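Report on one structure; see the data block that follows.
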Amino acid sequence: MANSSTTLFMLLLIVASGSMVLASGPCLTNLGACGKECDQECCQSRCYGNFQNKHPSPICEILPGSAERLCNCYHDC
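What the sequence shown shows, in my numbering, is residues 719 to 795, in sequence order.
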């Protein structure tokens with residue numbers, strides 16, 4: 719299991735770049751926070767709107783080391 723500094727580093731990479739390639743899997747793009755202003759439906763709309771031809775899969779989720787729910791869009795790279 720990754721230690722806390724590795725987890726924090728990975729989270730910072732996602733937030734800084736907005737996109738991350740997962741090991742032998744889909745790309746992950748963070749589309750902002752999920753909360754009062756953008757719920758799961760909003761997250762889906764953003765994900766499908768930005769990656770409609772790349773098999774998008776949106777989800778509001780909490781990443782390890784973060785208390786905030788993020789709108790993450792998994793899609794083909």
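We put the beta carbon where it would ideally sit given N, CA and C, even for glycine. Quantities reported herein were computed from a predicted structural model and do not represent experimental measurements.
If you draw a straight line from the Cα of glutamate 759 to the Cα of glycine 743, it comes to about 24 Å. Taking each of Cys789, Lys772, His773, Leu749 in turn and checking the Cα distance to isoleucine 780, the smallest one comes out for Cys789. Around the beta-carbon of histidine 773, fewer than 16 other beta-carbon atoms lie within 10 Å, marking it exposed. Beta bridge pairing from DSSP links histidine 793 with Cys745. Within its own chain, the residues whose Cβ lies closer than 8 Å to the Cβ of glutamine 762, once the five positions on either side in sequence are excluded, are Pro776, listed in chain order.
For the pair leucine 746 and lysine 754, the Cα-to-Cα distance works out to about 22 Å.
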